[in-house]
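Here the structure comes first, spelled out in structure tokens, and everything after it is commentary.
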Amino acid sequence: SGKTAAFLLPVLTKMMEDGLSGSKFSEVQAPAALIISPTRELTVQIHMEARKFSHQTSLRAVVCYGGVSVAHQLRQIENGCHMIVATPGRLKDFAEKRKLSLASVKYLILDEA
1 SGKTAAFLLP VLTKMMEDGL SGSKFSEVQA PAALIISPTR ELTVQIHMEA
51 RKFSHQTSLR AVVCYGGVSV AHQLRQIENG CHMIVATPGR LKDFAEKRKL
101 SLASVKYLIL DEA
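What follows is the structure, given as structure tokens:
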């Protein structure tokens, strides 16, 4: 949607201009951008838009939400992520398990339903 593009495009552009950092294949990832949304459906939608807008770049966006396999989402995170789109509960879970570090977050977006 237009609202999603309005916050994603400036962040993606700035991240690409600044250069992507972070290690691939690490147990703990420290994304530069964090997008928190309240529902699984909205989280999936935002993630799909982020993937569409970052297509054919090295920027890696990962999605995390409840109700699906934790193991699959952890593998996606461990494969590297520059941007994470998450629901609050799953984000908290992964941060507490020390799979995500929020220390490097430069861009924080709180979306609403």
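Quick note: the sequence shown, position 30, residue 30 per UniProt numbering, numbers continuous. Ideal Cβ placement from N, Cα and C applies to all residues, glycine included.
Between which two residues does the alpha helix (DSSP H) carrying residue i extend?
{"i": "Leu9", "result": "Gly2 to Asp18"}
Within the continuous beta strand (DSSP E) that includes residue i, where are the two ends?
{"i": "Val70", "result": "No beta strand (DSSP E) contains Val70, which is instead part of the alpha helix (DSSP H) from Val70 to Glu78."}
{"i": "Val28", "result": "Here Val28 belongs to no beta strand (DSSP E), and DSSP marks it neither H nor E."}
{"i": "Ala86", "result": "Met83 to Ala86"}
{"i": "Ala61", "result": "Ala61 to Cys64"}
{"i": "Leu110", "result": "Tyr107 to Leu110"}
Looking at residue j and residue i, is the spacing between their C-beta atoms short of 8 Å?
{"i": "Leu59", "j": "Leu12", "result": "yes"}
{"i": "Pro31", "j": "His82", "result": "yes"}
{"i": "Gly64", "j": "Gln56", "result": "A small correction: the amino acid at residue 64 is Cys; Gly does not occupy that position in the sequence shown. It is not a contact, given that the beta carbons lie outside the stated cut-off."}
{"i": "Leu8", "j": "Glu49", "result": "yes"}
Relative to the C-alpha of residue i, which candidate in the options has its C-alpha closest?
{"i": "Glu27", "options": "Glu78, Ser101, His55 and Glu96", "result": "Glu78"}
{"i": "Gly89", "options": "Ser21, Ile36, Glu17 and Leu9", "result": "Ile36"}
{"i": "Ile66", "options": "Ala86, Phe53, His47 and Thr57", "result": "Per the sequence presented here, residue 66 reads as Gly, with Ile not at that position. When only C-alpha atoms are compared, the closest one is Ala86."}
{"i": "Ala5", "options": "Glu17, Gln76, Leu91 and Arg51", "result": "Arg51"}
Rounded to whole angstroms, what's the CA-CA distance from residue i to residue j? Just pull it up for me.
{"i": "Phe53", "j": "Leu110", "result": "19 Å"}
Any heavy atom of the ligand FMN closer than 7 Å to the CB of residue i?
{"i": "Glu41", "result": "The ligand content of the structure shown is nil, which means the ligand FMN is not present either."}
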